[in-house]
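To start, the structure under review is shown below, and the notes come after it.
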Amino acid sequence: MNERRKLLLHEKVEVRQLEEGLGGSWHPGIVIGVSESCRKVRYDELLCDTGKSKLIESIPVTGAIEGLYQRPFVKSNYRGRIRPRPPSPEHFDVKTSLSFGVCVDVLFKEAWWEGVIFDYNEGGDERCVFFPDEGDERKFKLTDIRATLEWDEFSGHWRERGVWTLVSLAKEHKKEGHIFQLVKRIWSRLKVHYGFMKMISEWTCGAYCLW
1 MNERRKLLLH EKVEVRQLEE GLGGSWHPGI VIGVSESCRK VRYDELLCDT
51 GKSKLIESIP VTGAIEGLYQ RPFVKSNYRG RIRPRPPSPE HFDVKTSLSF
101 GVCVDVLFKE AWWEGVIFDY NEGGDERCVF FPDEGDERKF KLTDIRATLE
151 WDEFSGHWRE RGVWTLVSLA KEHKKEGHIF QLVKRIWSRL KVHYGFMKMI
201 SEWTCGAYCL W
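Residues 1 to 211 in full-length UniProt numbering are what the sequence shown lists, from first letter to last.
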């Protein structure tokens, strides 16, 4: 048995949904089946079409999750589909404050949705969050927000995603004023541009040289 293999039987995981309306949302579940390059997951809350039982889905996994002994080449725009449950704040020392542009996860409808802090209200009990996958924004209680952590499928380590690259670039060109509108306007055009789809494709890509 490969001891480097990850996400094994009975492990609690989160799976990122790809369907329209659920883009960027990570849903909790448990691994109930393990096969080569695949994990069968039963979701905690998502139901099957009949609505009478929990949804079970087979999720393809990478060679890194399967326990490769050499780190594979990973494109800078890679975005994982399945991961362990992220560590709690008690077990991971988050250095990033929830300032404008920081990538966060928001607890909404029993799933964690990837978004970006979109205000300067750092002392408030609520924060405005923009969701690039779906293109909408709304306010959430601070207790339902956590800093986004990315999982390295090869090493198994976690790291903070930090500030959205598009926000960092916008700040370089516009120090004051309506930066919120600028970022949203650029993103609405960029996400459907052929060059973006070919070179970057995912808003979570952190490679400055590609942007």
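Every residue gets a Cβ at the ideal spot worked out from N, C-alpha and C, and that includes glycine.
Please report the residue range of the alpha helix (DSSP H) in which residue i lies.
i	result
glycine 29	Per DSSP, glycine 29 belongs to no alpha helix (DSSP H); it is in the beta strand (DSSP E), 25-35.
arginine 185	179-190
valine 167	165-173
lysine 6	Taken as a continuous stretch (DSSP letters only), lysine 6 belongs to no alpha helix (DSSP H), as it is neither H nor E.
lysine 109	Note, lysine 109: premise wrong, no alpha helix (DSSP H); not H, not E.
isoleucine 65	63-66
lysine 198	194-199
Along the chain, where does the beta strand (DSSP E) that runs through residue i open and close?
i	result
alanine 207	Note, alanine 207: premise wrong, no beta strand (DSSP E); not H, not E.
lysine 139	136-141
residue 218	For the chain, the structure presents residues 1 to 211; residue 218 sits outside this window and is missing.
phenylalanine 130	126-131
arginine 146	145-147
serine 88	Here serine 88 belongs to no beta strand (DSSP E), and DSSP marks it neither H nor E.
serine 58	54-60
arginine 159	158-160
arginine 83	82-84
Between which residues of its own chain and residue i is the CB-CB distance below 8 Å, once the five residues before and five after are set aside?
i	result
phenylalanine 196	Leu190
tryptophan 158	Pro86, Pro87, Phe92, Leu149, Glu150, Trp151, Asp152
leucine 142	Leu98, Gly124, Asp125, Glu126, Arg127
proline 72	Thr62, Gly63, Ala64, Phe154
tryptophan 203	Pro132, Asp133, Trp164, Leu166, Trp187, Lys191
proline 89	Arg146
Using a Cβ-Cβ cut-off of 7 Å (strictly less than) and excluding sequence neighbours within five positions of residue i, which residues of its own chain qualify?
i	result
valine 183	Leu166, Val167, Ala170
glycine 29	Val13, Val15, Val41, Arg42, Tyr43, Asp44
valine 34	Leu8, Leu9
threonine 96	Val102, Ala147, Glu160, Gly162
Since residue i contacts residue j with CB under 8 Å, what's their CB separation in whole angstroms?
i	j	result
glycine 206	serine 76	7 Å
phenylalanine 140	phenylalanine 180	The Cβ separation is near 17 Å, so there is no contact.
tryptophan 164	glycine 101	5 Å
arginine 161	cysteine 103	4 Å
isoleucine 59	arginine 81	6 Å
aspartate 136	valine 106	Rounded, the Cβ-Cβ distance is 12 Å, inconsistent with contact.
alanine 4	tyrosine 69	It is worth fixing the name first, because residue 4 is arginine in this sequence and not alanine. Yes, they are in contact, since the Cβ atoms of arginine 4 and tyrosine 69 sit about 7 Å apart, within 8 Å.
glutamate 57	valine 31	So it is not a contact: roughly 11 Å between Cβ atoms.
Here's a check: name, in chain order, each residue in its chain whose Cβ is nearer than 6 Å to the Cβ of residue i, leaving out the five neighbours to either side.
i	result
lysine 6	Ile65
isoleucine 200	Asn77, Leu210
serine 25	Gln17, Ala111, Trp113
residue 287	Any property of residue 287 remains undetermined from this structure, which presents the chain solely from 1 to 211.
At least 3 beta-carbon pairs within less than 8 Å: the segment 36-54 vs the segment 145-158 | The segment 36-54 is not in contact with the segment 145-158.
Examine the Cβ distances between the segment 122-131 and the segment 46-56 and report whether three or more of them are shorter than 8 Å.
-> Output reads no: the segment 46-56 does not touch the segment 122-131.
With contact counted as at least three CB pairs below 8 Å, one residue from each stretch, are the segment 60-69 and the segment 8-26 in contact?
-> Judged by Cβ distances under 8 Å, the segment 60-69 makes no contact with the segment 8-26, as fewer than three pairs qualify.
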